[in-house]
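To start, the structure under review is shown below, and the notes come after it.
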Amino acid sequence: MKITVLNGSPKGDQSVTMQYVHFLQKKFPQHELKIVNITHRINKFEKDEQAFQEVITEVASSDGVLWAFPLYVMLVAAGYKRFIELIWERKAQEAFKDKYAAIIATSIHFYDHTALNYIHGICDDLNMKYVDAFSAEMLDLTREPQRQKFLLFAENYFDAIEHARPTFKAYPPVNAQSFTYTPGSSETRIDAGNKKVIIVADIEDEQSNLAKMVARVQQAFSGKAEIHNLRQLDMKGGCLGCIRCGYDNTCVWEGKDEYIDFYRNTVQTADILIFAGNIHDRYLSSRWKMFFDRSFFNGHVPTLGGKQIGWILSGPLSQLANLRQILEAYTELQPANLVDIVSDECADSSQIDARLEALAANLVRLTEKQYVMPTTYLGVGGAKIFRDGIWGRMRIVFQADYKYYKAHGAFDDFPQKDYVGRLLALVVPPLLKIPAFRKRVYTQEMIPGMLRPYKKVLEQVS
Ligand SMILES: Cc1cc2nc3c(=O)[nH]c(=O)nc-3n(C[C@H](O)[C@H](O)[C@H](O)COP(=O)(O)O)c2cc1C
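Take UniProt numbering: the last position of the sequence shown gets the number 462, and nothing is skipped along the way.
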């Protein structure tokens, strides 16, 4: 059978992900796995409709499609995202209909689930027959047990095609309603004092709800709130995945376009950041994705710590829990404070006005208090994955990260320096083997013991 492999790596043939595909090509010579470099050639597909059409023809003549990609900032790379947008813009959906689909993703398992959810949703939108996903840690192919799992995954996929097994959708279609927002005039204006307010938006159409919401929120401030439109920002291309930034955060794009200067001197210097964009398919635009991917020149170092962040979206946010989670996680990892995400889906202009005014007021109020919400699993879990990676093998190339993490105490709890806890963990477990001791600990000591540290704190509250 013939499978078209859509390669999502900007590195093209030099991709780690493609090594997984080459492994399958060797193990299943009876099947043709035809690799098409998508992200690497996105500029070509953008400009040359014929070249894009050739890919679509490949897809149409296949028995299945493998979405094979590296994780890029909780999703796929910007170029891959752009390719997905082109499928709809150029009305090529029909070629994907009823094709058996599966995902091969490689990553360090940092928000791999949000990327898988996204592509799975896209498969459902394209009416494909989605079978399964294999999310590999980069080096899994070098580990025998993981290789075995990978083979079972592939066998299952080929078997599903061979036996025309039924598949079922996981994601209902996203229904965007049409509504025209008519902003009212602002009654009161908020004074942000000496705080710098920056609005970064991807405004594709000046008459759109998004453009009007952005203008409305700008008016809510009595002082300066600069709008920067990502459409007008000179970004010559996406992240190339070359990792040359790993050594000292110097990007190969440095001096070649405006992005790095904009990120360092405008975005990073703001106290209040308002990000705004249209929802495209199940995420934001590929332009926004390029913005996030390019910020990777900072490696795994958080760059927006302590800022107040608000999002303004046009589109059906409440139907896209995955997108909300990505935005929440992105903020928590800084850690910054996500004040609100305002969308136009309530389809009520006065309500949108009220929410935008409240957003502006809350951003200012919380920046004065320097409030940053406590991190949840999204931030805590993500930071631990980075910490483990940078402490380990990633340190070899991500030298700048390692220096930053060391200087900022990121390794201080790793291994844990809780010496009392470590001593107790050494002494108590052997004693627990004694039945009488064990009984006493579990029935009398444990629960009061857990409360002991709080007792002291509460006693001191005046
Ligand atoms: C710009 C950029 C963003 C990345 N974002 C993520 C991420 O969000 N989660 C993750 O687990 N790995 C992330 N990675 C790591 C890659 O997914 C991983 O190295 C992958 O195996 C590369 O595959 P490739 O060689 O096929 O491009 C990122 C790498 C780059 C360069």
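The beta carbon of each residue, even a glycine, is placed where N, CA and C say it ideally should be. All of these numbers come straight from a predicted model, not from anything done at the bench.
> Is the beta carbon of residue 460 sitting closer than 8 Å to the one on residue 246?
Replying inline: no
> Less than 8 Å separating the beta-carbons of residue 126 and residue 67?
Replying inline: no
> Any chance the CB of residue 405 is under 7 Å from a heavy atom of ligand 1?
Replying inline: no
> From residue 427 to residue 437, what distance separates their C-alpha atoms?
Replying inline: Straight-line Cα distance between these residues: approximately 13 Å.
> Helix, strand or coil: how does DSSP classify residue 129 here?
Replying inline: strand
> If you count every other CB in all the chains shown that lies within 10 Å of the CB of residue 458, and 16 or more means buried, which is it?
Replying inline: exposed
> Under 8 Å between the Cβ atoms of residue 105 and residue 24?
Replying inline: no
> Hey, is residue 9 close to ligand 1, as in C-beta under 7 Å from one of its heavy atoms?
Replying inline: Remark: the shortest separation between the CB of residue 9 and any heavy atom of ligand 1 falls under 7 Å.
> Can you name the start and end residues of the alpha helix (DSSP H) that residue 261 belongs to?
Replying inline: 259 to 262
> Which residues bound the beta strand (DSSP E) around residue 34?
Replying inline: 32 to 37
> How many Å lie between residue 3 and residue 57 at the Cα?
Replying inline: Taking the straight line from one Cα to the other gives about 12 Å.
>> Would the stretch 107 to 114 count as touching the stretch 134 to 152 if we require 3 or more Cβ pairs under 8 Å?
In response: Taking 8 Å as the limit for Cβ pairs, the verdict is that the stretch 134 to 152 does touch the stretch 107 to 114.
> When burial is assigned at 16 or more other CB atoms within 10 Å of the CB, is residue 446 buried or exposed?
Replying inline: exposed
>> Given 7 Å as the limit, tell me if residue 109 has its C-beta closer than that to any heavy atom belonging to ligand 1.
In response: Yes - ligand 1 has a heavy atom lying nearer than 7 Å to the Cβ of residue 109.
> Which class does residue 229 belong to by DSSP, given the choice of helix, strand or coil?
Replying inline: If DSSP states are grouped into helix, strand and coil, residue 229 belongs with the strands.
> From residue 373 to residue 360, what distance separates their C-alpha atoms?
Replying inline: 17 Å
>> Using the Cβ count rule (16 or more neighbours within 10 Å means buried), how would you classify residue 346?
In response: exposed
>> I need the straight-line Cα distance from residue 291 to residue 121, nearest angstrom please.
In response: 23 Å
> Per DSSP, residue 466 forms a beta bridge with which residues?
Replying inline: Past the edges of the chain, shown from 1 to 462, lies residue 466, and the structure says nothing about it.
> Nearest CA to the CA of residue 228: which residue from 10, 277, 221?
Replying inline: 277
>> Could you check whether the Cβ of residue 296 sits closer than 7 Å to any heavy atom belonging to ligand 1?
In response: yes
> Can you give the Cα-Cα distance for residue 385 and residue 74, rounded to whole angstroms?
Replying inline: 13 Å
>> So, under 8 Å CB-CB, residue 260 and residue 253 are touching, yes? Tell me the CB distance rounded to an integer number of Å.
In response: 7 Å
> With DSSP run on the structure shown, which of helix, strand or coil describes residue 300?
Replying inline: coil
> CA-CA distance, residue 115 and residue 435?
Replying inline: Near 49 Å, if we compare the C-alpha coordinates of residue 435 and residue 115.
> Taking all protein chains shown into account, do 16 or more other C-beta atoms lie within 10 angstroms of the C-beta of residue 35, making it buried, or fewer, making it exposed?
Replying inline: buried
>> Let me confirm a value: residue 41 is counted as buried when at least 16 other C-beta atoms fall within 10 Å, else exposed. Which label applies?
In response: Under a 10 Å Cβ-count criterion, residue 41 is classified as buried, with 16 or more other Cβ atoms of the shown protein chains found around its own Cβ.
> Which runs of the alpha helix (DSSP H) fall wholly inside the stretch 284 to 328 and span at least 4 residues, in chain order?
Replying inline: 286 to 294
> Quick one: Cα of residue 406 to Cα of residue 295, how far?
Replying inline: Roughly 21 Å separates the two Cα atoms.
>> Going by C-alpha to C-alpha distance, which of 209, 193, 300, 331 sits closest to residue 179?
In response: 209
>> Please classify residue 318 as buried or exposed, where buried requires at least 16 other C-beta atoms within 10 Å of its C-beta.
In response: exposed
> How about residue 494 and residue 383: are their beta carbons less than 8 Å apart?
Replying inline: No answer is possible for residue 494: the residues shown for the chain start at 1 and end at 462.
> Are there three or more Cβ pairs, one per stretch, closer than 8 Å when the stretch 163 to 176 is compared with the stretch 7 to 23?
Replying inline: no
> Can you tell me the Cα-Cα spacing of residue 394 and residue 152, whole angstroms?
Replying inline: About 29 Å.
>> Output needed for residue 363: all residues of its chain with C-beta closer than 6 Å, excluding positions within five of it in sequence on either side, in chain order.
In response: Only 272, 308, 310, 339 meet the Cβ criterion.
> Do residue 238 and residue 79 have their C-beta atoms within less than 8 Å of each other?
Replying inline: Their beta carbons are under 8 Å apart, which means residue 238 touches residue 79 by this criterion.
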